[in-house]
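Please read the structure below before turning to the comments.
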Amino acid sequence: MNVTSATRSGTPARRRLRGLMRSGTVLAATALLAVGGAGQSWASTPILRWTTNAPTPVSTLTLPMAVDSAPDASGVYFAYYTTLESGTRPYAGFQPKPVDATGNRVLQAVFSSFNAAATTTDDHCTYGADGGAGVSCAVRFRYTPGTMYSLVLKRAAVNGTTQLMTGDVVETATGASVAHIGSFGLPSSSGRFKNADQGFIEPYLSAGCGQRITVTYGKPVGTEAGVAHTGSLPTVTDPSSGSCLSTASQTTSRGQQVTVTGNAAPAAATFESAAD
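With the numbering used here applied, the sequence shown corresponds to residues 55 to 330, in that order.
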């Protein structure tokens, strides 16, 4: 499975664009990473802004998204970055992928950290992130177009000087478990998730510039001390220059629907959902 790591912490729209989206490989349940130059970088990407409206940092983030229409191919990464109280920045997101061996449509969920102090014993994770220090975790799962899936990111436990960070995928409507992405340790001083942050939509392969994908973002939820806080719908804005992608957004009954179109010859979508 191709694992595309997210980007280093720093100024979101620029620092992360240095060597973006290198690809690696996780074979079966082994943690084998091969960092290489499979991706291409652009000067900027469409930017996502989201909030949970929580009054304080939170221990759990729930970040929903549905893929409504997309080619069954790699190329575009729909990523959220999150900032912990210390400033370290885990990343997570979804990537459409080719169908599996039995023809099922597949998404890859990613959860990663560029903190050099990150540790892991999780079979879904491997050391290294975008060619540098950190930990990268990924899992592929079968999905249904138009169905909303949530990334559930947790500061799951604190044990002395270490805190455990976990990432999972659930079906948003039911809360049913779909897949475990991975887990890693960070210094306990890293703290909880801030209540608002950003993200990006990135063509991590040149093929992404020929794709057209429609997704729907749901409202982020931040949970602290058993109290859930639901945010407003995320917004997506295009960069002034430098990206091969453009976006068009509309608010629907399901959430904020965003269509991403590359400026190369569009790759035909292999499916469309019947949803809004």
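In this text, a Cβ means the ideal position worked out from N, Cα and C, and glycines have one as well.
- Gln162 is positioned such that its CB atom lies closer than 8 Å to that of Arg194.
- Beyond the five residues adjoining it in sequence on each side, Val212 comes within less than 7 Å, by CB distance, of Ser242 in the same chain, given in chain order.
- Contact annotation: Ser123 and Thr268 have beta-carbon atoms nearer than 8 Å.
- Your pair Thr226 and Met202 checks out as a contact, with CB atoms roughly 4 Å apart and the cut at 8 Å.
- The beta strand (DSSP E) runs lying completely inside the segment 242-276 and spanning 3 residues or more are 250-257, 266-271, given in chain order.
- Ranked by Cα distance from Val224, the first of Thr216, Gln217, Leu218, Ala233 is Ala233.
- Cβ-Cβ distances below 6 Å link Gly285 to Thr105, Thr106, Asn107, Lys273, Pro274 in the same chain, with the five nearest sequence neighbours on each side left out; the list follows chain order.
- Closest option to Gln304, judged by alpha-carbon separation, among Thr270, Gly316, Lys151: Thr270.
- Going by C-alpha positions, Thr110 is about 7 Å away from Asn249.
- Between Glu139 and Arg246, the beta carbon gap of about 6 Å places them in contact (Cβ cut-off 8 Å).
- Tyr131 sits in a strand when the DSSP states are folded into three classes.
- In the DSSP assignment, Thr216 falls within the beta strand (DSSP E) that extends over 216-225.
- For Asn158, no beta strand (DSSP E) segment is defined, and its DSSP state is neither H nor E.
- Rounded to the nearest whole angstrom, the CA to CA distance from Leu240 to Thr173 is 7 Å.
- Per DSSP, Cys298 lies in no beta strand (DSSP E) and is assigned neither H nor E.
- If you compare the alpha carbons of Gly186, Thr198, Gly147, Ala133 with that of Arg159, the shortest gap goes to Thr198.
- In the DSSP secondary-structure assignment, His234 is bridged to Asp222.
- Looking from the CA of Pro144, the closest CA among Tyr135, Gly253, Ala183 belongs to Tyr135.
- Per the coordinates, the alpha-carbon of Thr315 lies some 4 Å from the alpha-carbon of Arg266.
- In the structure shown, the three-state DSSP call for Thr114 is strand.
- For His283, the closest C-alpha among the options Asp177, Val112, Ser98 is that of Val112.
- Pro109 carries a coil assignment under DSSP once its states are collapsed to helix, strand and coil.
- Taking Gly188 as reference, the option from Gly214, Glu278, Phe238 with the minimal CA-CA separation is Phe238.
- When secondary structure is reduced to three states using DSSP, Tyr197 falls in the coil class, being assigned neither helix nor strand.
- By the Cβ-count criterion, Asn317 is exposed, with fewer than 16 other Cβ atoms from all chains shown falling within 10 Å of its own Cβ.
- In the structure shown, Gly188 adopts extended strand secondary structure according to DSSP, grouped into three states.
- The alpha-carbon separation between Cys298 and Pro257 amounts to approximately 8 Å.
- Contact check for Thr137 against Asp251 passes: the beta carbons are separated by less than 8 Å.
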